[in-house]
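Chains as they are written, first to last, in our numbering: chain X, 1 to 265; chain F, 1 to 301; chain D, 1 to 265.
Dropping the structure here:
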């Protein structure tokens, strides 16, 4: 409990910054929706003249892209990226911060099992991620409902919840990195390139319509068009998330339990 | 008299870092209530032994117990009663000294309030301002924080890894007093150092570690009786080698009017010898560890 | 020279990965254009008929999306973000690492002035930036050419690469200044990237809301906006001047602050 509380306190400031940034992204985009909506009327007429094949290539269909949820789905892309960076930062920092700050000696010589340390730190990171996602969902709901557009609220909440799922994946990946990459000196120098790499892989998979690459990049696990159309998430990707998260977290515990903490010099 | 319990007992404890040696087949027994010195040059394996005992690194062979409990299976229970002070102290730079001590206290099953009270007493004794950020403290003051966090929970076993660096002589003395007090109250102390005089001042028994193994364990008294001293004499006249034919003299060297030699034996015999000489200057030095290894242990082991 | 060489060596892997990321990004972007191209004129016709708000949201204002160069212009913003993240991390990292790794005592006990060390580090950073810029330029020429149909594009890309270089310099200098001035070496990298993302968000705000046009001076992304550069065929002298001032101030500030302040040990 003491380690958990100390971690939460240490994350206080950065959590506030992240939450405000994410809420800002939602607010900023949704403020634009009314103007977008009136423009869309005209666009729908233009679109009606194009064959279906081309519309699907550009990913534009009136019911998904040009609805309020479609618009929200677009901004979700940015929120995913930001939230993943936050979660990855948390994960990578879990153990590496103690090692890099040379405080691991202090912590590990207390009467606690290493597993307890990992549990406390992961729980704190998870709490931060939950708070972030909860605020994001609430702000999303308010901002989208405020546009006055008609929408399926359950689908909106489902879409907002993908933020948490992505955060959990990157939190687990970060935690695994924190015990496997030797000498992480700067957390962002590890987390930013990693998240970007997955983002780019996702973009390439998108262009190539490559199904294998879709499995590799978590950014491609949730397709806004599918969520809006079906009102559900694709279960095979949920399974991948569950399996990966459990495996990564388990590996984090096992590797850290066996790891040598080297002299503080 | 009932035999005392072994607080630390290692059996063929071995640690390799990949292919490079840490410690090899190390056997060590520290009895309850003693102050056990652990001495050797840099790289001999002192820190490796201590870090293995504390569970910071994992042995590659052999085993060890503390309070009769296996170190790998019962790490947390063992550390409940252990206090540790490393040679280099690093703490969370966003904390004040008092925050760190409270955080430390929160880990132990002893009442955190009592531990905090004890920490404050110790801070007063060492003249440490607990309100300051650890980051802003001097090296010596950080070290004081280290001492307090290691002792505040009244551990039964105190492990110190070359702890005196950065402490001025007065603080060092106060620190040694404190260790003796804790020892008198029943705490066992494992004290690692590469400074012989420090160990002589404090310890009951001393183990000498060389290249990863303990090569000798002695009572300090035995060590003192057998203490080797290096003497350098400045003579008024050209010295005569026959004057120095005394049991215990070795490594005799002449340079013009200067004579230097190692002496091990009764001090009275030595003063007898010196009184017959016409001296200009006299210097008596404690030989450094290297010399002990070369001239003392090489012959005996 | 010794400091320069050491930093070059320390960053070679990072530079390689960033270069690969850049190449993949350009490839995936241009491959998307290739897919649109293959579907015929009509796709780009749809995109071009999108209303203003839609175009702003998707970052495609002011481009002739029917040409490879125009499409590349839309992609440029993402390359700029990559370059800016790289430069921010690099600048902050180069300066902060000695204090963070507790090697400043070692380094400054040597007979080297702080400004000499700083010069070695900044030069190493500059070389890294130039290399990344050249890799970006070369792969841009290659991939745009691959999908191009006889329209001239060399001038546009060359101009955009100059713009990218200015952006890189600005964020490199800001990163260095943050690390040089701040006494918290551990948070230098995350502060520098926060500033960078902040200005990026501001870029969006300015684009979305015309009333806030005056804020454009506060976001370097606006100085070298691809659509404007390509339309004008030249850099805006005001923004170039502003960039030079920012870089000069940041570098001068780095030298002054870093030479004058107490280093964390």
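Backbone N, C-alpha and C define an ideal beta-carbon position, used for all residues, glycine too.
Quantities reported herein were computed from a predicted structural model and do not represent experimental measurements.
Chain-order list of residues whose beta-carbon lies under 6 Å from that of residue i (same chain, five-residue window excluded)
i, result
"residue 67 of chain D", "151"
"residue 151 of chain X", "68, 69"
"residue 284 of chain F", "229, 231"
"residue 265 of chain X", "With a pLDDT of 44 at residue 265 of chain X, under the threshold of 50, the modelled position of this residue cannot be trusted; read the value that follows with caution. The answer is none, since no qualifying residue turns up."
"residue 131 of chain X", "none"
"residue 175 of chain D", "88, 91, 92, 192"
"residue 266 of chain X", "Since the first and last residues shown for chain X are 1 and 265, residue 266 of chain X lies out of range."
"residue 165 of chain D", "133"
"residue 153 of chain F", "108, 110, 115"
"residue 281 of chain F", "234"
Contact under 8 Å by Cβ, residue i with residue j
i, j, result
"residue 157 of chain D", "residue 33 of chain D", "no"
"residue 50 of chain F", "residue 206 of chain F", "no"
"residue 190 of chain F", "residue 160 of chain F", "yes"
"residue 45 of chain F", "residue 212 of chain F", "yes"
"residue 3 of chain D", "residue 117 of chain D", "yes"
"residue 15 of chain F", "residue 48 of chain F", "yes"
"residue 117 of chain X", "residue 126 of chain X", "no"
"residue 154 of chain D", "residue 224 of chain D", "no"
"residue 96 of chain F", "residue 130 of chain F", "yes"
"residue 188 of chain X", "residue 72 of chain X", "no"
"residue 154 of chain X", "residue 231 of chain X", "yes"
"residue 177 of chain X", "residue 169 of chain X", "no"
"residue 82 of chain D", "residue 1 of chain D", "no"
"residue 226 of chain X", "residue 234 of chain X", "yes"
"residue 180 of chain D", "residue 258 of chain D", "yes"
"residue 199 of chain X", "residue 81 of chain X", "yes"
Where residue i meets chain X, residues with beta-carbon distance less than 9 Å
i, result
"residue 108 of chain F", "110, 111"
"residue 179 of chain D", "Simply none; closest approach about 11 Å."
"residue 97 of chain D", "185, 186"
"residue 89 of chain D", "186, 188, 189, 192, 193"
Contacts that residue i makes with chain D (C-beta to C-beta distance below 8 Å)
i, result
"residue 196 of chain X", "21, 82, 85"
"residue 204 of chain X", "24, 27, 28, 31"
"residue 20 of chain X", "By Cβ distance, chain D contributes nothing, its closest Cβ being about 11 Å from residue 20 of chain X, past 8 Å."
Nonlocal neighbours in the same chain, by C-beta distance under 7 Å from residue i, ignoring five residues either side
i, result
"residue 194 of chain X", "88"
"residue 260 of chain D", "none"
"residue 4 of chain X", "120, 123, 124"
Contacts of residue i in chain X (Cβ-Cβ under 7 Å)
i, result
"residue 343 of chain F", "Summary: the structure shown does not reach residue 343 of chain F, with chain F confined to residues 1 through 301, and so no result is reported for it."
"residue 17 of chain D", "193"
"residue 93 of chain D", "186, 189"
"residue 190 of chain D", "188"
"residue 70 of chain F", "Per Cβ cutoff of 7 Å: no residues; residue 70 of chain F is ~14 Å from chain X at best."
"residue 193 of chain D", "188, 192"
"residue 76 of chain F", "111, 112, 113"
Sequence-distant residues of the same chain with beta carbon closer than 8 Å to residue i, five excluded per side
i, result
"residue 301 of chain F", "Low confidence applies here, because residue 301 of chain F scores a pLDDT of 41, under 50, leaving its location unreliable; read the following figure in that light. If we look at residue 301 of chain F and ignore the five residues flanking it on each side, its Cβ neighbours are 215, 216."
"residue 1 of chain F", "Its pLDDT being 48, under 50, residue 1 of chain F is placed unreliably in this model, and the coordinates cannot settle the point."
"residue 7 of chain D", "94, 120, 121, 124, 125"
"residue 167 of chain X", "83, 84, 86, 87, 129, 132, 133"
"residue 281 of chain X", "There is no way to answer for residue 281 of chain X, as the model of chain X reaches only from 1 to 265."
"residue 63 of chain D", "70, 71, 73, 74, 226, 227, 230"
"residue 161 of chain D", "133, 136, 137, 140"
"residue 299 of chain F", "No answer about residue 299 of chain F holds up, because its pLDDT of 48 lies below 50 and its placement is not dependable."
"residue 148 of chain D", "67, 68, 69"
Chain-ordered chain X contacts of residue i [CB-CB under 8 Å]
i, result
"residue 58 of chain F", "258, 260"
Chain-ordered neighbours of residue i on chain F, where CB pairs are closer than 7 Å
i, result
"residue 106 of chain X", "91"
"residue 102 of chain X", "90"
Inset, instruction - Please go through the stretch 74-122 of chain F and give each complete beta strand (DSSP E) segment of 3 or more residues, from N-terminal end onward. - result: Fully contained in the stretch 74-122 of chain F are the following beta strand (DSSP E) runs of length 3 or more, in chain order: 82-85.
Legend entry - Unbroken stretches of the alpha helix (DSSP H), 4 residues or longer, contained in the stretch 202-255 of chain D: You should have 220-223, 226-232.
Inset, instruction - Note down, in chain order, all residues in the stretch 64-95 of chain X with a beta-carbon under 7 Å from any beta-carbon belonging to chain F. - result: Contact residues of the stretch 64-95 of chain X toward chain F are absent (C-beta to C-beta distance below 7 Å).
Legend entry - chain X contacts made by the stretch 198-220 of chain D, where a contact means CB separation under 8 Å: Those residues of the stretch 198-220 of chain D placed with their C-beta closer than 8 Å to a C-beta in chain X are 201, 204, 205, 208, ordered along the chain.
Inset, instruction - Mind checking the stretch 171-190 of chain X against chain D and listing, in chain order, the residues whose C-beta falls within less than 7 Å of any C-beta there? - result: Within the stretch 171-190 of chain X, the qualifying residues are 185, 186, 188, 189.
Inset, instruction - Could you list the residues in the stretch 218-230 of chain X with a C-beta less than 9 Å from some C-beta on chain D, going in chain order? - result: Hits within the stretch: zero.
Inset, instruction - Mind checking the stretch 101-121 of chain D against chain X and listing, in chain order, the residues whose C-beta falls within less than 8 Å of any C-beta there? - result: From the stretch 101-121 of chain D, only 101 have a Cβ closer than 8 Å to chain X.
Inset, instruction - For the stretch 110-180 of chain X, list the alpha helix (DSSP H) runs that are entirely contained and at least 4 residues long, ordered along the chain. - result: For the stretch 110-180 of chain X, whole alpha helix (DSSP H) runs of length 4 or above, ordered along the chain, are 114-146, 153-180.
Inset, instruction - Please specify which runs of the beta strand (DSSP E), each continuous and at least 3 residues long, are wholly inside the stretch 168-212 of chain F, giving them in chain order. - result: With a minimum length of 3 residues, the continuous beta strand (DSSP E) runs that stay inside the stretch 168-212 of chain F are 188-193, 205-210.
Legend entry - Every unbroken alpha helix (DSSP H) inside the stretch 69-151 of chain D [4 residues or more]: For the stretch 69-151 of chain D, whole alpha helix (DSSP H) runs of length 4 or above, ordered along the chain, are 104-109, 114-147.
Inset, instruction - Note down, one range per segment and in chain order, each beta strand (DSSP E) of at least 3 residues found wholly within the stretch 245-278 of chain F. - result: The stretch 245-278 of chain F contains these whole beta strand (DSSP E) runs: 249-255, 258-264.
Legend entry - Contact residues within the stretch 242-256 of chain F, judged by C-beta distance below 9 Å to chain X: The residues in question: there are none.
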